[in-house]
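Start counting the sequence shown at 1; every next residue gets the next number (my numbering). All remarks here apply to the structure that follows.
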Amino acid sequence: MRALPALALGALLLGGAAGAAEDKPVREIDPVHVNAMRNPDVRKYKVILAGMDAFDRYHALAPGADRLRFRLSTRKKDESPEPLAARLVGDEGFKLPIVIDAGGRFEVPRSEAAADAKSELELNRKRKLYRTDPEVRTPGLPENQRRLGDLRLECKVTIAMAKEEIPTFWVMTINTLLLRTDWCGFFGDQDDFRWEGVSRQAHFPFRSEKPLAGAILVEGNRSAKLEAKGDSFQVPIGNATWSDEAVIELTYADPAQPPTGTAGETPRTAP
1 MRALPALALG
11 ALLLGGAAGA
21 AEDKPVREID
31 PVHVNAMRNP
41 DVRKYKVILA
51 GMDAFDRYHA
61 LAPGADRLRF
71 RLSTRKKDES
81 PEPLAARLVG
91 DEGFKLPIVI
101 DAGGRFEVPR
111 SEAAADAKSE
121 LELNRKRKLY
131 RTDPEVRTPG
141 LPENQRRLGD
151 LRLECKVTIA
161 MAKEEIPTFW
171 VMTINTLLLR
181 TDWCGFFGDQ
191 DDFRWEGVSR
201 QAHFPFRSEK
211 PLAGAILVEG
221 NRSAKLEAKG
231 DSFQVPIGNA
241 TWSDEAVIEL
251 TYADPAQPPT
261 GTAGETPRTA
271 P
């Protein structure tokens, strides 16, 4: 019973939305002429809109971030010779190209026409080759630093999209298990002692652009070492003892060394 809420939430976020579209037909993007499989993480335009609405609603978490972007990253090697392309495609021939920059990032515009056409985001790549993550970044920070408020807003966007994607039954089930509608607040909540305190130990996963050797949460003279494995790092975003201005400092792995990670409080030893 101890890990039930965390397991239920994780399973639904990681697998539930993807499984809902397994049997749907696919379209093709011209002129590439390859199967444009729907991405399992960002698919229907109404799901993307839910994320955009959450970005606007909780923008105070990251007031310096002026836009919501999405970042594409490969799950495995992309061997296609064709440039990566994306577009919104909907009913009655609706098409709206989406520009992807050199870093694999893109923005999705608000479009009444796209919503009316029940559009979906399509890539000119096979399903599951790429993952799509929302990205919120306050300008001016080094590449290896992430502001905690930015990550909290990313979580709000991710959860809003998940709630739009999964069946209402599962949304209500998770709300009941967590005894809250703010799922992001569950991860690291130091005031929640239910379920044998599982919330206090639960951290929300985020992805780095590179493999990691470590991650440290820093605010003033206080710091805590976070779990980091591969390109993922775990953050207690629901722990209110850390302000939105706290920063996660990422240390990238030496290509010759395997990435490692540990967790726990540690003294501040570096600026």
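In this text, a Cβ means the ideal position worked out from N, Cα and C, and glycines have one as well. Predicted, not measured: the structure shown is a model, and the values here were computed from it.
| Asked | Found |
| --- | --- |
| DSSP three-state label for Y58, please. | coil |
| What is the DSSP secondary structure of V235, reduced to helix, strand or coil? | strand |
| Look at the Cβ atom of F70, then the Cβ atom of P109, and state whether they are nearer than 7 angstroms. | no |
| Roughly how many angstroms separate the alpha carbons of L96 and K210, rounded to a whole number? | 31 angstroms |
| Could you tell me whether the Cβ atoms of G188 and N239 are closer together than 7 angstroms? | yes |
| Under a Cβ-count criterion, where at least 16 other Cβ atoms within 10 Å of its own Cβ denotes burial, should N124 be classed as buried or exposed? | buried |
| DSSP three-state label for R200, please. | helix |
| Which residues in the same chain as Q272 place their Cβ atom closer than 6 angstroms to its Cβ, once the five residues preceding and following it in sequence are excluded? | Because the chain is modelled from 1 through 271, residue 272 falls outside the range shown and cannot be assessed. |
| Is there contact between the segment 83-99 and the segment 49-67, where contact requires at least three CB pairs shorter than 8 angstroms? | no |
| Which word fits D91, buried or exposed, when buried means at least 16 other C-beta atoms lie within 10 angstroms of its C-beta? | exposed |
| Quick one: is S208 buried, meaning 16 or more other Cβ sit within 10 Å of its Cβ, or exposed? | buried |
| So the beta strand (DSSP E) A321 belongs to, where does it begin and stop? | With the chain covering only 1 through 271, there is no way to say anything about residue 321. |
| Can you say whether T241 is buried or exposed, counting buried as having 16 or more other CB atoms within 10 angstroms of its CB? | exposed |
| Using 7 angstroms as the threshold, is the C-beta distance between A213 and T251 below it? | yes |
| Classify R71 as helix, strand or coil using the three-state DSSP reduction. | strand |
| Among the candidates L129, E122, A114, G64, whose CA atom is the shortest distance from the CA of T74? | L129 |
| Nearest by alpha-carbon distance to A86: which of R67, R43, L68 is it? | R43 |
| Which two residues bound the contiguous beta strand (DSSP E) that contains I273? | Absent from the structure is residue 273, since the part of the chain shown begins at 1 and ends at 271. |
| Nearest CA to the CA of S232: which residue from A113, E120, R146? | R146 |
| Which one of N175, P63, V218 has the shortest CA to CA distance from V247? | V218 |
| Below 7 angstroms between beta carbons: does that hold for R152 and L61? | yes |
| From L49 to H203, what distance separates their C-alpha atoms? | 26 angstroms |
| What does the Cβ neighbour count give for G103, buried or exposed, with the cut at 16 atoms within 10 Å? | exposed |
| Which two residues bound the contiguous beta strand (DSSP E) that contains I100? | Element bounds for I100: n/a, residue is neither H nor E. |
| Helix or strand or just coil, what does DSSP make of K95? | strand |
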